[in-house]
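Residue numbers (my numbering), protein chains in the order written: chain A, 1 to 243; chain B, 1 to 197; chain C, 1 to 197; chain D, 1 to 216; chain E, 1 to 216.
Following: one structure in structure tokens, then a few remarks.
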Amino acid sequence: MITAFIHKFSSPKSFVNLTEKIYPFLIIFGVSMLIFGWAWGLFFAPQDAVQGNSYRIIFLHVPSVIFAELIYFFMAVCALMHLVWRVKLAAYLIKSAAPIGAMITFIGLFSGSIWGIPTWGTWWQWDARITSTLILFIMYLGILTLHGSFSNLEKADRLMSILVIIGVINIPIIKKSVDWWSTLHQPASISVSGSSSIDPSMLYPLFISVIGLGFTLIALGILTSRSYIFTREKNKRWVLEHV
Amino acid sequence: MKLFSAKNITYSINENKLFHNLSFSVNASECLHIKGGNGSGKSTLLRIILGMTSPSKGLVESCNQDLDISYLGHKNAIKNYLTPRENLDLIFNNIELKNAFEWVQKFGLSHVQDELTANLSFGQQKKLALIRVLAKSSELIVLDEPFVGLDHAAADQLNNFLNTKLLQGVGLILTSHINPMIDCKVLELGRNNAEIN
Amino acid sequence: MKLFSAKNITYSINENKLFHNLSFSVNASECLHIKGGNGSGKSTLLRIILGMTSPSKGLVESCNQDLDISYLGHKNAIKNYLTPRENLDLIFNNIELKNAFEWVQKFGLSHVQDELTANLSFGQQKKLALIRVLAKSSELIVLDEPFVGLDHAAADQLNNFLNTKLLQGVGLILTSHINPMIDCKVLELGRNNAEIN
Amino acid sequence: MLRLIKAESFKLSKKLKSWLGPLLIMVLVLIAFPLSIDISQYDLDKFYFSIIVVSLLMTAFVATEGMFEEDFEDGSLEQEFLIEKDFYKVVFSKILVYVAFIGIPIAFIGALFSFANGVAIVSFAKILLLLSLSNLLLFNLFAFGNALSINKGAMLGVLTALPLALPVIILLGRAIRSIQFDEGFTAIIALMTGIGLIISAIMPIIISAVLKTHID
Amino acid sequence: MLRLIKAESFKLSKKLKSWLGPLLIMVLVLIAFPLSIDISQYDLDKFYFSIIVVSLLMTAFVATEGMFEEDFEDGSLEQEFLIEKDFYKVVFSKILVYVAFIGIPIAFIGALFSFANGVAIVSFAKILLLLSLSNLLLFNLFAFGNALSINKGAMLGVLTALPLALPVIILLGRAIRSIQFDEGFTAIIALMTGIGLIISAIMPIIISAVLKTHID
Ligand code: HEM
Ligand SMILES: Nc1ncnc2c1ncn2[C@@H]1O[C@H](COP(=O)(O)OP(=O)(O)OP(=O)(O)O)[C@@H](O)[C@H]1O
Ligand SMILES: Nc1ncnc2c1ncn2[C@@H]1O[C@H](COP(=O)(O)OP(=O)(O)OP(=O)(O)O)[C@@H](O)[C@H]1O
Ligand SMILES: [Mg+2]
Ligand SMILES: [Mg+2]
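Written out as structure tokens, the structure reads:
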């Protein structure tokens, strides 16, 4: 019963039809939110007492690292669906989400590193967050490479899903385990460690940037997955009719 | 007694249909010879029958869940860093081992049974690989071009063996570019459609 | 014109004499078919002729220092992580490449020329390996069981090709368990002594 | 099952390559390290552990490279697939044999070297246990990476398995510190044993699924 | 010769396995090390060099593993032997390509990490040069070990080549110290370049002799 239900609503065809109308709105909404959030953050939010203007990179850094992980969890859910219920769409979505995840993780790493230079005096620290983000990035690359290395795409889908699921266990483990290192915690010079300590004048634009980036990424994901579905199912009748 | 049946098997690989809607079955004491040019899909069909490859469409049904199958494909499945004797020890239990060494004898491999398999000649390695199938008792024997590289004497021995097995009620499927000295029904895989004679 | 001659060749491996005092030669436009059971030393003899293995006794003399030889042994010498096209690019220069792709056409490999070679069928890989020999112009062609795994069409093409080459003055040495459709003198390697007919 | 374990042990024993090679690498890396640097004994003591940890990682990686590849390439894996209904047993036996014949000896060498570098004799057993458990984890993870990337080579294996192995490294580093400072060792060992058991049970099933996909 | 170099480069570029794998291993080992230990940034700086040296050794070893094996197994080596009168050219090209496409990138990664760990930018070029030269030596030595043990597996290779590699490690360690203390760097570089040139010229000839013995 569940299986039948899932298959009905998860055929590539219904996905394409469903997203047909929505994604232009998502793009417009996401991008405008993002621009709004960033403009607010960059030009109107006050300077940080300790860090001056360099803190403004937060509006890029924090949204991207949040989605770096969220996208992975999304992929893990898809992987489960692909393996348990053989949902083809799920595999397509993983394949389309992974490059976006890799990109946003890279942005997170990069922005963090840049931020580190003025604040920590070094662009790299072997602490929990940074290490786990780096490993997450490597995992994205691994998933993409794995899928890319098979000419039999169904085989590739299955193997990729297995890897995604095994990989998801890794993230909390790394966070936990690196946290044990007492001496490598983030230096105390960082003033913002919890949301409560952030001034609302910084928090609102940050919040808006997060939402904006979220919708932008969803729209981007829909775009890439649609084109990926078309290439994968290119000789199915409905695709031929659609295009 | 039917050993297995294949129904409406279609296999396509990257858009390319290898074969379409094949149906056939093999009974006990029956031999099926799959023919066809290089790349016509003989090996692929064997692997589908064995359940190692899933067909794009259609169904292979074996009539007995625990059907005992011996198979030899293009790959020899022997370890060339071991000697023939060690290879056989690895594969067989004690009873089969006696059979196996009889075959070593018959194939004239005795004098090389303690050489490294890597040093054996092409045909000798093939013979060793064949022994995996010959020394085991099974209900269905599946052979992918078993005559390749064998000399005449060995080919004859193999033909005789297979004929005896058929009489004993074993089913047989093989592919070969030369016709075996066995009474087989033929399945010819062609470029587009296949026929059973 | 004599291409090379072998004089009193003896080869023994671990006390075991494979062949003893073999003498023979191959002229231009001449074909030598080496016969013998599995393990009788055919491949070894070819390698001795090619200078890859040194005989225990005796001498192989090639009459021209830079004799142009093409050889295909039991090993295909193709890279299965490359496509057929890439493999050929690797081996050949531009002129030979044209020949090579004609053979790709003739062997019906065109539709798989951009597949990974590992995915090709056994016979298709063998064909690809043969093209190494077929597309090159050489004075002596040495083939170790070239017909193995080929379908009838391809075997015929190979026979035709070799016959044409012979007419053009190329020398040919091959081993095979089935007789090629070529007029050859036969060297039969036996258990103990070999004869030339 | 016994048949499989016996067969795997025999094959491994005949492949000096896969068996002695990693041990030698371990030894030579542990020798190479002090040679490469000009430091006092005090510093060396302090760092030697992490050298052992990293060597363990690398050696485990080298040791498991091509674990299934040979069987896949020569067709043995297909044959096992036909014969053995419970395919995961094949995988389990192989990993078990590799851990027993390569993993534990490597751990022993590591422990020996740490002992030679001034670790008290009481700690020897602890370190041996610790390194062996780590190898159990690492071998399972690398076997997984290997199965995924069978016949596509080490690159994929590294990309897929090493990220999974890093937590083991972190854990191991922490455990070794707990030996040095004599605190919480039992807890960590218990944790590692637990994880080890779970992984050893589950991984072969996952790996066999992966291998089946490849045979197809 | 150009044909050979082109062919080898092409093959290598298609084998992600042999090419990207070692680079990734280098990166991941360099990442794994700090994870395995609880140290302050100061200590890390001090030791990171020797980690780089050891990683270089291991990575060079992994990178050259099976360098000739594939060509030997599939029969390509025989074919080259027939076609190419100067067989050592085949070997020379292969080593050259490996050093260029794997050895130097590895050296670059090593230099990058040492840079990331607080080495001054002026030293970057020096370290890159040093590591590249070391890799030239290591690759030649390991290629030799590999040729010797072709088809007998890595064990023999390790046994023969790693002891030969230890002097390189010592030299490298000393050279790096000379960078740190700004003394005698040119002398060491000159020495290493000299050895490098001699070895690059002689080794291929020795190796080709070894390979010929194997083909026979
Ligand atoms: C390469 C370097 C860096 C990486 C990989 C990194 C990674 C991360 C990650 C993964 C998070 C999300 C944590 C979570 O989801 O709970 C995060 C949040 C955050 N990071 Fe970074 N980071 C880096 C550098 C920095 C630097 C240099 C700063 C500031 C000095 C910084 C400030 C923050 C802040 C303020 C947050 C917001 C969330 C919170 O306060 O917990 N990060 N970073
Ligand atoms: N390096 C070696 N060590 C030991 N024995 C060897 C070695 N090389 C070849 N032999 C033996 O020499 C014999 C002849 O081998 P060869 O490959 O020449 O036979 P062949 O006539 O080509 O057989 P086939 O028809 O099977 O190809 C075999 O019995 C083989 O075991
Ligand atoms: N994984 C794969 N990817 C792409 N093509 C494949 C794959 N496996 C098989 N093929 C193609 O399927 C075709 C049939 O292969 P198969 O091995 O079944 O042929 P065959 O009839 O056994 O030929 P032969 O007589 O040469 O052994 C070949 O053209 C091959 O290229
Ligand atoms: Mg076939
Ligand atoms: Mg032969």
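Ideal Cβ positions, reconstructed from N, Cα and C, are used throughout, including at glycine.
None of these values were measured; they are calculated from a predicted model.
Check, Outcome
"Bridge partners - C:I34, DSSP secondary structure assignment", "C:T175 and C:L187"
"Cβ-Cβ distance between A:A79 and A:P205 below 9 Å", "no"
"Residue list, Cβ distance to ligand 5 heavy atoms smaller than 6 Å", "B:S121, B:F122, C:K42, C:S43, C:H74 and C:D144"
"Cβ-based burial, D:R3 [other Cβ within 10 Å; buried from 16]", "exposed"
"Option nearest B:L22 by Cα separation, candidates B:G37, B:L82 and B:P55", "B:P55"
"D:L56 versus A:G142: straight-line alpha-carbon distance, rounded", "22 Å"
"Residue from A:L153, A:T19 and A:H7 whose Cα sits closest to the Cα of A:A84", "The residue you asked about is not Ala; residue 84 of chain A is Val in the sequence shown. The residue with the shortest Cα to Cα distance from A:V84 is A:H7."
"Spatial neighbours of D:I176 in its chain, beta-carbon cut-off 6 Å, leaving aside the 5 residues before and after", "F49"
"Segment contact flag, the stretch 189-201 of chain E with the stretch 69-83 of chain E, C-beta cutoff 8 Å, min 3 pairs", "no"
"A:I174 Cβ short of 8 Å to ligand 1 heavy atom set", "no"
"Selection of the stretch 145-169 of chain D by Cβ proximity to chain A, strictly under 8 Å", "L148, S149, K152, M155, L156, L159, T160, L162, P163, L164, L166 and P167"
"8 Å contact criterion, which E:G173 and E:V29 should meet: CB distance rounded", "Not really, about 17 Å apart at Cβ, beyond 8 Å."
"Coil, strand or helix - B:A6 by DSSP", "strand"
"N- and C-terminal bounds of the alpha helix (DSSP H) containing B:Y71", "Segment I69 to L72 is the beta strand (DSSP E) holding B:Y71; no alpha helix (DSSP H) there."
"Beta-carbon neighbours of E:A111, restricted to chain C and to distances below 7 Å", "Per Cβ cutoff of 7 Å: no residues; E:A111 is ~31 Å from chain C at best."
"Beta-carbon proximity of D:F142 to D:T64, cut-off 9 Å", "yes"
"Within chain E, the residues that C:G73 reaches when beta carbons sit closer than 8 Å", "G75 and E78"
"Opening and closing residue of the alpha helix (DSSP H) in which E:K94 lies", "F87 to Y98"
"Cβ pair count under 8 Å reaching 3, the stretch 212-228 of chain A against the stretch 18-29 of chain A", "yes"
"Length of the line joining the Cα atoms of B:V133 and E:E70", "30 Å"
"Proximity test, B:T175 beta-carbon vs ligand 6 heavy atom, cut-off 8 Å", "Among the ligands present in this structure, namely ligand 1, ligand 2, ligand 3, ligand 4 and ligand 5, ligand 6 is not found."
"Limits of the alpha helix (DSSP H) - the one that B:N27 falls within", "From DSSP, B:N27 is part of no alpha helix (DSSP H) but of the beta strand (DSSP E) over N16 to N27."
"Distance cut-off 8 Å: B:Q113 Cβ against heavy atoms of ligand 2", "no"
"Burial state of A:T183, where buried means 16 or more other Cβ atoms lie within 10 Å", "Legend: pLDDT at A:T183 = 42, less than 50; position of this residue unreliable, value from coordinates given subsequently. The residue in question, A:T183, is exposed, as its Cβ has fewer than 16 Cβ neighbours within 10 Å."
"Chain A contact for E:L30 (CB, 9 Å cutoff)", "no"
"Where D:E69 sits in the DSSP three-state scheme", "helix"
"Beta-carbon proximity list for C:E96, same chain, < 6 Å, skipping 5 on both sides", "A135 and K136"
"Residue-level contact to chain A via CB, D:D216, 9 Å cutoff", "yes"
"Closer than 8 Å: B:D151 CB and nearest ligand 2 heavy atom", "yes"
"Exposure of A:H82, with buried meaning 16 or more beta-carbon neighbours within 10 Å", "buried"
"Cutoff 9 Å: B:K127 Cβ touching any chain C Cβ", "yes"
"Cβ of A:T145 within 9 Å of any chain D Cβ", "yes"
"Chain D contact for A:G194 (CB, 9 Å cutoff)", "With a pLDDT of only 44 at A:G194, under the threshold of 50, the placement of this residue in the model should not be trusted; the figure read from the coordinates follows. So no, A:G194 is outside the interface."
"Backbone CA spacing between A:E241 and A:I229 [nearest angstrom]", "14 Å"
"Any non-hydrogen atom of ligand 3 closer than 8 Å to C:L67 Cβ", "no"
"Residue ranges of each alpha helix (DSSP H) within the stretch 102-181 of chain D, 4 or longer", "104-116, 121-148 and 154-180"
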